[in-house]
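Visitor:
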Amino acid sequence: MLSYLGVLGAYILLALWITWPMPLQFATHYYTSGNNIFYFPTSPDAPKNIWMLWWAGQALATGANPLFTPMIYHPQGLALHLQTYDTVAGIMTFPANLLFGPVAAYNFSALLGFILTGWFGFLLVRPFVQGVAPALLVGTLLTATPYHVAKYDAGQMNFVHMQWLVLFMAVLIHMTISRRWWGVPVAALAFLLLTFSDWYYTLVAVFFALMWGGLNLASRPQRDELFKLYGLSGGLAGLLLLPRLGALRASSGGQDAEASPMWAYYTQGYSADAFGFFFPNALHPLWAVPVERFLINVAPYGISEGSYTAAGWTLAGLALLGVAWYWRQQWQLLVVALIAWLFALGPTLFVLGYETGIAMPYQLLQLVPGLDTARRPNLFGLITIISAAIFAALALARLHEQLRPERYRLVLGLVALIALFELWPPQRVANALDQAPVYQRIAAEGAPGAVVDVPIEGGTDSRTLINQLVHQQPILRGYIARPPHYPTLLYSPLPKQLATFKLWPEADVFALDQVALEGMQCYYQFRYLVFKPALLTKRQHDALRSIVAQLGADPAQPWYADERHHAFRLPLHTDTCTPFVFLGEGWGEPEVHKAQVWRWSEGQSELYIVNPKPEPKRVKLQLLAYTLKHERSVNVYSANKLLTTLTLDERRRWYRLNVELEPGYNQFMLESATSIDPVSGRALGIALKRVEVH
1 MLSYLGVLGA
11 YILLALWITW
21 PMPLQFATHY
31 YTSGNNIFYF
41 PTSPDAPKNI
51 WMLWWAGQAL
61 ATGANPLFTP
71 MIYHPQGLAL
81 HLQTYDTVAG
91 IMTFPANLLF
101 GPVAAYNFSA
111 LLGFILTGWF
121 GFLLVRPFVQ
131 GVAPALLVGT
141 LLTATPYHVA
151 KYDAGQMNFV
161 HMQWLVLFMA
171 VLIHMTISRR
181 WWGVPVAALA
191 FLLLTFSDWY
201 YTLVAVFFAL
211 MWGGLNLASR
221 PQRDELFKLY
231 GLSGGLAGLL
241 LLPRLGALRA
251 SSGGQDAEAS
261 PMWAYYTQGY
271 SADAFGFFFP
281 NALHPLWAVP
291 VERFLINVAP
301 YGISEGSYTA
311 AGWTLAGLAL
321 LGVAWYWRQQ
331 WQLLVVALIA
341 WLFALGPTLF
351 VLGYETGIAM
361 PYQLLQLVPG
371 LDTARRPNLF
381 GLITIISAAI
391 FAALALARLH
401 EQLRPERYRL
411 VLGLVALIAL
421 FELWPPQRVA
431 NALDQAPVYQ
441 RIAAEGAPGA
451 VVDVPIEGGT
461 DSRTLINQLV
471 HQQPILRGYI
481 ARPPHYPTLL
491 YSPLPKQLAT
501 FKLWPEADVF
511 ALDQVALEGM
521 QCYYQFRYLV
531 FKPALLTKRQ
541 HDALRSIVAQ
551 LGADPAQPWY
561 ADERHHAFRL
571 PLHTDTCTPF
581 VFLGEGWGEP
591 EVHKAQVWRW
601 SEGQSELYIV
611 NPKPEPKRVK
621 LQLLAYTLKH
631 ERSVNVYSAN
641 KLLTTLTLDE
651 RRRWYRLNVE
661 LEPGYNQFML
671 ESATSIDPVS
681 GRALGIALKR
691 VEVH
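Numbering (the UniProt record's numbering), first residue to last: 1 to 694.
#1: Tell me the rounded alpha-carbon separation between residue 13 and residue 193.
#2: Whose C-beta lies closer than 6 Å to the C-beta of residue 655 among residues of the same chain, with five residues either side of it excluded?
#3: Where does residue 213 land, buried or exposed, given buried means 16+ other C-beta within 10 angstroms?
#4: Closest to residue 334 by C-alpha separation, out of 399, 528, 351, 211, would be which residue?
#5: Might you give, ordered along the chain, the residues of its own chain that have their beta carbon closer than 6 Å to the beta carbon of residue 581, omitting 5 neighbours on each side?
#6: If you draw a straight line from the alpha carbon of residue 780 to that of residue 573, how long is it in whole angstroms?
#7: Find the nearest neighbour of residue 489 within the set 237, 195, 584, judged by alpha-carbon distance.
#8: With distance defined between alpha-carbon atoms, name the residue in 503, 672, 667 nearest to residue 486.
#9: For residue 173, which residues of its own chain have a beta-carbon under 8 Å away from its beta-carbon, when the five flanking residues on both sides are left out?
#10: Curious, which full-length beta strand (DSSP E) runs of at least 3 residues does the segment 293 to 361 contain?
#11: Using a Cβ-Cβ cut-off of 8 Å (strictly less than) and excluding sequence neighbours within five positions of residue 535, which residues of its own chain qualify?
#12: Can you tell me which of 308, 289, 177 puts its alpha carbon nearest to the alpha carbon of residue 278?
#13: Helix, strand or coil for residue 545? Go by DSSP, reduced to three states.
#14: Would you report the Cα separation of residue 613 and residue 347, rounded to the nearest angstrom?
#15: Verify whether the separation of the beta carbon atoms of residue 345 and residue 233 is less than 8 Å.
#16: Output the distance between the C-alpha atoms of residue 353 and residue 275, rounded to the nearest integer angstrom.
#17: Going by the CB atoms, is the gap between residue 208 and residue 169 shorter than 8 Å?
#18: Taking the alpha carbon of residue 45 as the reference point, which residue from 420, 59, 30 has its own alpha carbon closest?
#19: Beta-carbon separation of residue 110 and residue 97 under 8 Å?
#20: With a CB to CB cut of under 8 Å and the five nearest residues on each side skipped, what residues in its chain are close to residue 185?
#21: Could you say if the segment 143 to 152 and the segment 5 to 22 meet the contact criterion of at least three C-beta pairs nearer than 8 Å?
#22: Between residue 196 and residue 88, what straight-line distance do the alpha-carbon atoms span, to the nearest angstrom?
#23: With distance defined between alpha-carbon atoms, name the residue in 153, 152, 154, 119 nearest to residue 137.
#24: Just grab the DSSP bridge partners of residue 655 for me.
#25: Applying the criterion that 16 or more other CB atoms from any shown protein chain within 10 Å of the CB defines a buried residue, is residue 258 buried or exposed?
#26: DSSP three-state call for residue 266: helix, strand or coil?
#27: Nearest CA to the CA of residue 500: which residue from 481, 541, 403, 517?
#28: Between which two residues does the alpha helix (DSSP H) holding residue 90 run?
#29: Which residues does DSSP pair with residue 637 in a beta bridge?
#30: Report buried or exposed for residue 593, applying the criterion of at least 16 other Cβ atoms within 10 angstroms of its Cβ.
#31: At the level of alpha carbons, what is the spacing between residue 548 and residue 438?
#32: Measuring straight from C-alpha to C-alpha, what distance separates residue 355 and residue 341?
#33: What residue from 545, 570, 431 has the CA that sits closest to residue 155's CA?
#34: Run the CB neighbour count on residue 457, radius 10 Å, all protein chains shown included, and call it buried at 16 or more, exposed below.
#35: Name the DSSP beta bridge partners of residue 617, please?
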């Protein structure tokens, strides 16, 4: 027991060394690699993960659901089940979060990732070697592998926490060898922890379980006993995951999973090179720049950060020795490791940067429903790296058998020195989260309402998330891995005006006058409008002033102004909350002729009604519409259910429907046949002249 506690203490010291000099500024700064060749200097993923831990702390402290946040994508909020959101890390770092804040929680999370990966790596290889020292060394090589450290320097904390994958593989491997039943609950628990840590690692774990289980059931004796162990492990894991799977199904509808040509490049860019397992330590202080330039040249589409999957030369060298000596005895593990590496290569084979055009097995995974969103093939290479740790341990075991004790200790020491030199941590840059005075002022005032940072964040700079850590009010959007497909910024007039700096004309088929906008403001509750004057054009300034005036604030007198930021404090109009309507996708632009305005539908056209009340409400939807043809049927759907069918003709008439509204957004779909306009060549459905809700 004392020796095992000593091993844990050694991994604590190792984690402090790997992350140095972070421990010196544990509560105030986070660290990333200090260049923009391999990674961005400050890494947008680091603030995003700090924000994730902040929200987990907020939820745990208040008793809220940590897997749903109302703080971003206001007013709908966001389910976090499918995001790169490490719930387990949020729980484990809660004390640090509570005592020292989210930056300390982030840094503590990094330490835990390196400590536990080393510890579980030690437990993985311990039965394969004699003595504690060689297992300690292999666990060190695993947790300090260049891939693992690089994820820390990229700020991708969900990938730093690879310890649950190591634990899951360790339990399955040892359960297969020892046939011990204690592995059943531990394997199920490890898999559950994986699902609450990272979905990519969960997919990798499922892949390993299928490959490892299938090979061993086909090749080992006493298959019935193995089948029971595997079946019970999988059944228990499935039982534990039932509530999680239900929540996933309920929350997946709002995620934006539309196919895009960009994702094909992304997937290939996050695929390993054929020789990527043997690539050098990318961020070593002695050779970082030339190695990074090499990696940029050989990485698919230059995405070196996503394709980098290096095991480290020391670990790889020992693993090759272990394979040479033990491949016959451990052929199942070798086959799984090789198959995993083939999948890590992504859809098409790249060899030292050369695109061969050869299709790889990963394309089979892309045919599986739901897995087309798995866009990081290189992570399958972790199975290869973790398997390499076992072969490295076997190599040390063989050396222990062949060498005299003093020579064996000398070899261990020499390997440790080589690893120390090869895996020396990179030079890093300290980063502090911006705490602009305007957001401190908002936090001090404590008035409820959403904060709108303009321009609205559309990229991956985490700007609005960083600001929210200061003011702690809801925001319209923030940098996340999988943005939802919400109508707020896409179609809703008031937030879209703020997002685009483009005023909507009052001449449209739905109300856009000041009274209507004030009613929308009652629902959205945009309290603060913050911007940097130096970054806006005159047209954007004028648009903001017009919006501010429409909402009843004085555009000439900002609520706050300094050399960096201006802010307006907007009235909330809480006495004007009534349902309002606007159009979504599938409508043409407004057409105006002699004070008449209309829009043509394109066959399938969205219409949104917003109920600002917290309870359901029944309203009357009124449509003034007509069609070019003598008669045309229009199906009206709500929540994919047919409400009614309207029959339109060339006469401009009002059509009235009584509809039940849930709180918030309610989507309706108008579906009709189309005909080609002989003048414009457009496919036209119905013409909508006015839509109202009462």
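Glycine included, C-beta positions come from ideal geometry on N, C-alpha and C.
Guide: In short, the structure shows the following:
#1: 25 Å
#2: 623, 646
#3: buried
#4: 211
#5: 510, 609, 691, 693
#6: Any property of residue 780 remains undetermined from this structure, which presents the chain solely from 1 to 694.
#7: 584
#8: 667
#9: 124, 212, 333, 390
#10: 348 to 351, 354 to 359
#11: 455
#12: 308
#13: helix
#14: 49 Å
#15: no
#16: 10 Å
#17: yes
#18: 30
#19: no
#20: 236
#21: yes
#22: 6 Å
#23: 119
#24: 623
#25: Below a pLDDT of 50, predicted positions are generally treated as unreliable, and residue 258, at 48, falls in that range; no measurement from the model is reported.
#26: helix
#27: 541
#28: 87 to 92
#29: 642, 669
#30: exposed
#31: 18 Å
#32: 17 Å
#33: 431
#34: buried
#35: 661
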